[in-house]
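Residue numbering for the sequence shown follows numbering that gives the first Met the number 0, beginning at 0 and increasing consecutively. A quick write-up on the structure given underneath.
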Amino acid sequence: MKETYIELNSSTYTIKRKKRMLLDKLLKDSLQHYKSLFACDSDAIYAMDLDGYFIPLNPACEILFGYPSMEFSKLTYMKVMTLEHLDRALSLFYKSLEGKLQNFDCQIIQKIGELRDLNITNYPIVINDDIVGVYGIAKDITEIKQKRKKLRENEALYQLLMENSLDLITKSTPNGEFLYVSSYSKEIIGFTPDELIGKSVKELIHLDDLNDYENNKEIVSSGHGNGRITFRLKHCNGHYIWVEALCKPILNDQNVVSEIISVIRDVTEKKRTEALLLQSEKLSVAGQLAAGIAHEIRNPLTAIKGFLQLIEAEQDTQKTYFDIINSEMNRIELILGELLILSKPHALKFEKKNIKQIFDQVKALIDTQAIMNNIEVEITYLSNLQTLLCDENQLKQVFINILKNSIEAMHNGGKITVEVDTTESNQMQIRFIDQGCGITEENLQRIGQPFFTTKEKGTGLGLMISMKIIEKHNGTIHISSENNGTKIEVTLPLTR
Numbered sequence: 000m001k002e003t004y005i006e007l008n009s010s011t012y013t014i015k016r017k018k019r020m021l022l023d024k025l026l027k028d029s030l031q032h033y034k035s036l037f038a039c040d041s042d043a044i045y046a047m048d049l050d051g052y053f054i055p056l057n058p059a060c061e062i063l064f065g066y067p068s069m070e071f072s073k074l075t076y077m078k079v080m081t082l083e084h085l086d087r088a089l090s091l092f093y094k095s096l097e098g099k100l101q102n103f104d105c106q107i108i109q110k111i112g113e114l115r116d117l118n119i120t121n122y123p124i125v126i127n128d129d130i131v132g133v134y135g136i137a138k139d140i141t142e143i144k145q146k147r148k149k150l151r152e153n154e155a156l157y158q159l160l161m162e163n164s165l166d167l168i169t170k171s172t173p174n175g176e177f178l179y180v181s182s183y184s185k186e187i188i189g190f191t192p193d194e195l196i197g198k199s200v201k202e203l204i205h206l207d208d209l210n211d212y213e214n215n216k217e218i219v220s221s222g223h224g225n226g227r228i229t230f231r232l233k234h235c236n237g238h239y240i241w242v243e244a245l246c247k248p249i250l251n252d253q254n255v256v257s258e259i260i261s262v263i264r265d266v267t268e269k270k271r272t273e274a275l276l277l278q279s280e281k282l283s284v285a286g287q288l289a290a291g292i293a294h295e296i297r298n299p300l301t302a303i304k305g306f307l308q309l310i311e312a313e314q315d316t317q318k319t320y321f322d323i324i325n326s327e328m329n330r331i332e333l334i335l336g337e338l339l340i341l342s343k344p345h346a347l348k349f350e351k352k353n354i355k356q357i358f359d360q361v362k363a364l365i366d367t368q369a370i371m372n373n374i375e376v377e378i379t380y381l382s383n384l385q386t387l388l389c390d391e392n393q394l395k396q397v398f399i400n401i402l403k404n405s406i407e408a409m410h411n412g413g414k415i416t417v418e419v420d421t422t423e424s425n426q427m428q429i430r431f432i433d434q435g436c437g438i439t440e441e442n443l444q445r446i447g448q449p450f451f452t453t454k455e456k457g458t459g460l461g462l463m464i465s466m467k468i469i470e471k472h473n474g475t476i477h478i479s480s481e482n483n484g485t486k487i488e489v490t491l492p493l494t495r
């Protein structure tokens, strides 16, 4: 029995030795043809005999495994592989000896003790239908593994943030169909993510806000930038809540928008607060104008009383007197109507309005205060006027706020010039130029902040609310100032 074992062992050794000689000859002949090609490859290219010993074929083996060529040729997986990956590497090596190509990831320990992640491909070397060894190609994927790990960590972190954010986070197609909805949807609009995925956000948006949403979607879907929009979303109970959405486009490999990420925040309370501030400012403006309006009403009332007395004495001139009375009564009606508009709360309503008519009505209100302060308000129209899609009452409030500030800044009287012009980019530009004391650079930076004011009895809300109104009209306000006056430029789109 012992002799038989020795014979088998000797026979196996002999077969392996012969196959090793065939392998060495093949590699020697192959290296003559491919040596220069192997030398340029950054991947480690090697062979392994039937016992698993490495035979380096290019310089990258020394670099990747960290052993000189002579040492490397005396090593097997047993020496270089980490314990965690050793069994699998050996198993796949023997499968290669069965004639099957193998590809796997593993981790090795270099001579200096550093760990490297590799992707290894093994395939059998066949000579005359006999497998004499295995070719191996090892690629260093350490950085790729680290990036994958970092990516997985980031994905886990993002998922954690999205699922625990107090904002609703969604991913949708460019057409608005939900692909992903964070769990906070239940808190904001009462729907679970499963109830929303596959639906279009347009099914939930208030009809009055759909046009603004579509315009914003076109900007985002074109990839020209992020979009910020405020609109109303339908709650599962049937009522609507105000939300603000910041939308960011995600581009595919063809640089085309494939998805849109949206961060949606409930701003219902914020809208209520803004409405209260707006109403407060309207009442403040109305109160400050009351003295001038009372003076303006008193004059026509005096005239009415006088002419009524004359009517009794002179019947012949009755028609002329009645014309004057009607004119004065109409003026009272106009002034009181404008005052009521300022103080009356109303929903935002965009209509096409003539800018000249708006300014005529604003001037009728502001002129009395201007005259009492020895100030002239001059309105100049520099181009052909077009109708403006706007909320007339809110624009009046903006213009009155700006003119009031200019009047209060001109302690020595003077002139306020209002220039109305249109630009080549289809916009209307309105410039308010006064001759007041100007605004310091420090204060200029703070204008528009809530409750910042340089007036003794001011609230600081006027310009903040004016800026908000212009923002709702998709416009801008720019303020510049020097010692001899201030210029405020309001820019509004002619189409919306």
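Note that beta-carbon positions come from the ideal geometry of N, C-alpha and C, so glycine has one too.
- If you draw a straight line from the Cα of M80 to the Cα of Q106, it is about 6 Å long.
- The straight-line gap separating the alpha-carbon atoms of G412 and S479 is approximately 20 Å.
- Using a Cβ-Cβ distance cut-off of 8 Å, the segment 376-383 and the segment 461-469 are not in contact, since fewer than three pairs of beta carbons, one from each stretch, lie closer than that value.
- Taking C-beta atoms as the reference points, G474 and L493 fail to come closer than 7 Å.
- Closest in C-alpha terms to L85, from the list K414, K27, I108, H205, comes I108.
- Cβ-Cβ separation between K414 and Q428: approximately 20 Å, too far for a contact (criterion under 8 Å).
- Non-local beta-carbon contacts of D28 in its own chain, meaning distances under 7 Å to residues more than five positions away in sequence, are absent.
- In the three-state reduction of the DSSP assignment, P173 falls in the coil class, being assigned neither a helical nor a strand state.
- If you draw a straight line from the Cα of D116 to the Cα of D139, it comes to about 6 Å.
- K18 places its beta carbon less than 7 Å from that of L49.
- Counting only residues of its own chain and dropping the five nearest sequence neighbours on each side, F190 has a CB closer than 7 Å to the CB of S184, C235.
- Spatial neighbours of I44 in its own chain (CB-CB distance under 6 Å, excluding positions within 5 residues in sequence) are listed in chain order as F37, L56, N57, I136.
- Assignment of M409 by DSSP, reduced to helix, strand and coil, places it in the coil class.
- Boundaries of the alpha helix (DSSP H) harbouring T367: 354-371, taken from the DSSP string.
- Annotated three-state conformation of T272 is helix, per DSSP.
- When DSSP states are grouped into helix, strand and coil, F349 belongs to the coil group.
- DSSP places P58 in the coil class of the three-state scheme, outside both helix and strand.
- The beta carbon of Y134 sits closer than 6 Å to the beta carbons of A46, Y122, I124 from its chain, once the five residues preceding and following it are set aside; these are given in chain order.
- Between K110 and Y66, the beta carbon gap of about 5 Å places them in contact (Cβ cut-off 8 Å).
- Per DSSP, the unbroken alpha helix (DSSP H) holding I187 starts and ends at 184-188.
- Comparing C-alpha distances from E113 to each of T141, Y239, T120 shows the shortest one belongs to T141.
- Inter-residue distance for M69 and T75 is about 13 Å (C-alpha atoms, whole angstroms).
- The segment 363-379 and the segment 415-422 touch, with three or more beta-carbon pairs separated by less than 8 Å.
- Rounded to the nearest angstrom, the gap between the Cα atoms of M371 and I399 is 16 Å.
- A Cβ-Cβ distance of about 11 Å is found for the pair D166 and V266, leaving them out of contact under the 8 Å criterion.
- The continuous beta strand (DSSP E) containing K486 extends over residues 484-492.
- As computed with DSSP, P123 is found in a beta bridge with V133.
- S10 carries a helical assignment under DSSP once its states are collapsed to helix, strand and coil.
- Here Q101 carries a strand assignment [DSSP, helix/strand/coil].
- In the displayed model, Y76 falls within a helix according to three-state DSSP.
- Distance between C60 and L96, taken at the CA atoms: about 21 Å.
- Under a 10 Å Cβ-count criterion, R16 is classified as exposed, with fewer than 16 other Cβ atoms of the shown protein chains found around its own Cβ.
- Within the DSSP secondary-structure output, G226 pairs in a beta bridge with C246.
- A distance below 8 Å between beta-carbons, with the five flanking residues on each side excluded, links R151 to no residue of its chain.
- Annotation: the continuous beta strand (DSSP E) that includes Y45 extends over 43-47.
- Of all alpha-carbon atoms in I469, Q368, A363, K351, the one lying nearest the alpha-carbon of L394 is that of I469.
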